[in-house]
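Chains A and B, in that order, give the protein sequences.
Number 107 in the working numbering belongs to position 107 of the first sequence; there are no gaps in the numbering.
Number 1022 in the working numbering belongs to position 22 of the second sequence; there are no gaps in the numbering.
Reviewing the structure listed below.
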Amino acid sequence: NAGVTQTPKFQVLKTGQSMTLQCAQDMNHEYMSWYRQDPGMGLRLIHYSVGAGITDQGEVPNGYNVSRSTTEDFPLRLLSAAPSQTSVYFCASSRTDSGNTIYFGEGSWLTVV
Amino acid sequence: AQSVAQPEDQVNVAEGNPLTVKCTYSVSGNPYLFWYVQYPNRGLQFLLKYITGDNLVKGSYGFEAEFNKSQTSFHLKKPSALVSDSALYFCAVRDIGDDKIIFGKGTRLHILP
């Protein structure tokens, strides 16, 4: 029962460093997405994908890159970390049928100093 | 573009009393609507969803929600609150034919013993 797995769970970066948050799901879901959660801002969509080779921007895409080479994996890359990217990041997946439930990973806590 | 509003940052309810957490939405077409709950330092857990059919939807842990198309609302309710219901609640919407799922800012529910 792995579901949606995110790594790492905690990370501290220095301003300007790059890193990749990993996300994998074992439910054969076509749809995968990344959200960031900030106090008072709720969950904001960063990027999403409806299948391998297909990605699209969400509400707050700047400073982040994604790729989808396989159905299972959807990594999120921070190109040059900034303190404003300090947040909790959640990966989520679902079937592409719009009524399907979306399932979340446990989150990745990122601090940029 | 779809959007969700949760007008209350926090709701306080005495244990045993009924609770309501409000949600309104905006979509261009017909909506799929969801409620999720988040406990401290955890990911989001699915509570219930409205796809079509009966406007009153029943979900996990005794929660229910009523879809009101004329008021574009999807309020979460429970007849008798428990202290263990204290958590952060998110409403979300997916427009039919779209892939993105957009979340509200969340409402913190405090159940007072």
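Glycine included, every Cβ here is placed at the ideal spot set by N, Cα and C.
Values in this document were obtained by computation on a predicted structure and should not be read as measured data.
Checklist entry - What is the C-beta distance between Leu76 of chain A and Trp34 of chain A, in whole angstroms, given that I count them as a contact (C-beta under 8 Å)? => result The sequence position of residue 76 of chain A within the first sequence is 76, counting from 1. The sequence position of residue 34 of chain A within the first sequence is 34, counting from 1. Contact holds; Cβ gap of about 5 Å.
Checklist entry - Could you give the C-beta distance for Arg1108 of chain B and Gln1010 of chain B, rounded to a whole number, given that I count them as a contact under 8 Å? => result Position 108 of the second sequence, counted from the start, is the residue given in the question as residue 1108 of chain B. Position 10 of the second sequence, counted from the start, is the residue given in the question as residue 1010 of chain B. Indeed, because the Cβ distance is near 5 Å, the residues count as touching under 8 Å.
Checklist entry - Does any residue of chain B bring its CB to less than 8 Å from the CB of Tyr31 of chain A? => result To locate residue 31 of chain A, count along the first sequence from 1; it is residue 31. Cβ-Cβ to chain B under 8 Å: yes for Tyr31 of chain A.
Item to check | C-alpha distance - Lys1105 of chain B paired with Thr55 of chain A, whole-angstrom precision | outcome: Locating residue 1105 of chain B in the second sequence gives position 105, counting from the first residue. Locating residue 55 of chain A in the first sequence gives position 55, counting from the first residue. Going from the Cα of Lys1105 of chain B to the Cα of Thr55 of chain A covers about 24 Å.
Next on the checklist: Bridge partners for Cys23 of chain A per DSSP, in chain order?
Outcome noted: Counting from one through the first sequence, the residue named residue 23 of chain A turns up at place 23. BP columns for Cys23 of chain A point to A:Gln6.
Checklist entry - Rounded to the nearest angstrom, how far is the Cβ of Val1027 of chain B from that of Gln1002 of chain B, given a contact under 8 Å? => result Counting from 1 along the second sequence, the entry for residue 1027 of chain B is found at position 27. Counting from 1 along the second sequence, the entry for residue 1002 of chain B is found at position 2. About 5 Å; that satisfies the 8 Å criterion.
Checklist entry - If you drop the 5 nearest sequence neighbours on each side, which residues of the same chain put their C-beta closer than 8 Å to that of Glu1008 of chain B? => result If you number the second sequence from 1, residue 1008 of chain B lands on position 8. Within the same chain, Glu1008 of chain B has close Cβ partners Val1021, Lys1022 and Thr1107.
Item to check | Which of helix, strand or coil DSSP assigns to Gly51 of chain A | outcome: To locate residue 51 of chain A, count along the first sequence from 1; it is residue 51. The answer is strand: DSSP assigns Gly51 of chain A an E or B state.
Checklist entry - For the region 1037 to 1054 of chain B, which residues have a beta carbon sitting closer than 7 Å to at least one beta carbon of chain A? => result Arg1042, Gly1043, Leu1044, Phe1046, Lys1049 and Ile1051
Checklist entry - Nearest to Met27 of chain A by CA position, among A:Thr70, A:Val112 and A:Arg44, is which residue? => result Indexing the first sequence from 1 puts residue 27 of chain A at position 27. For the residues A:Thr70, A:Val112 and A:Arg44, the minimum Cα distance to Met27 of chain A belongs to A:Thr70.
Checklist entry - Along the chain, where does the beta strand (DSSP E) that runs through Pro1031 of chain B open and close? => result In the second sequence, the residue the question calls residue 1031 of chain B occupies position 31. Taken as a continuous stretch (DSSP letters only), the beta strand (DSSP E) holding Pro1031 of chain B covers Pro1031 to Gln1038.
Item to check | Contact check, Gln85 of chain A vs Leu79 of chain A, beta carbons under 8 Å | outcome: Looking up residue 85 of chain A in the first sequence gives position 85. Looking up residue 79 of chain A in the first sequence gives position 79. No.
Checklist entry - So, do the region 15 to 29 of chain A and the region 40 to 51 of chain A have three or more beta carbon pairs nearer to each other than 8 Å? => result no
Checklist entry - Excluding the five sequence neighbours on either side, which residues of its own chain have a C-beta within less than 6 Å of the C-beta of Lys1049 of chain B, listed in chain order? => result Position 49 of the second sequence holds residue 1049 of chain B. Result list for Lys1049 of chain B: Phe1034, in chain order.
Item to check | Burial state of Tyr1112 of chain B (16 or more Cβ within 10 Å) | outcome: As a first step, residue 1112 of chain B must be located in the second sequence, where it is residue number 112. The question names Tyr, but residue 1112 of chain B in the sequence shown is Leu. Classification for Leu1112 of chain B: exposed.
Item to check | Enclosing beta strand (DSSP E) for Met32 of chain A [first to last residue] | outcome: On the first sequence, position 32 is the one that residue 32 of chain A refers to. Note, Met32 of chain A: beta strand (DSSP E), Tyr31 to Asp38.
Next on the checklist: Do His47 of chain A and Ser94 of chain A have their beta-carbon atoms positioned less than 8 Å apart in this structure?
Outcome noted: Walking along the first sequence from the start, residue 94 of chain A turns up at place 94. Walking along the first sequence from the start, residue 47 of chain A turns up at place 47. No, these two residues do not count as a Cβ contact at 8 Å.
Checklist entry - Got a sec: which bits of the region 81 to 100 of chain A sit with their beta carbon under 7 Å from any beta carbon on chain B, in order along the chain? => result Phe90, Thr96, Ser98 and Gly99
Item to check | Residues of the region 1006 to 1034 of chain B with Cβ closer than 9 Å to any Cβ of chain A, in chain order | outcome: Gln1006, Asp1009, Tyr1032 and Phe1034
Checklist entry - Considering Leu1076 of chain B, what are the terminal residues of the beta strand (DSSP E) in which it resides? => result Residue numbering aside, residue 1076 of chain B sits at position 76 when the second sequence is read from its first letter. Run containing Leu1076 of chain B: Ser1073 to Lys1078, per the beta strand (DSSP E) assignment.
Checklist entry - Taking DSSP as the reference, what is the three-state secondary structure of Asp1009 of chain B? => result Taking the first residue of the second sequence as position 1, residue 1009 of chain B is located at position 9. The answer is coil: DSSP assigns Asp1009 of chain B none of H, G, I, E or B.
Checklist entry - In terms of residues, what are the limits of the beta strand (DSSP E) holding Phe74 of chain A? => result What you label residue 74 of chain A is simply residue 74 of the first sequence in a count that begins at 1. Run containing Phe74 of chain A: none; DSSP gives neither H nor E here.
Item to check | Secondary structure of Gly42 of chain A, DSSP reduced to three states | outcome: If you number the first sequence from 1, residue 42 of chain A lands on position 42. Note: Gly42 of chain A maps to strand in three-state DSSP.
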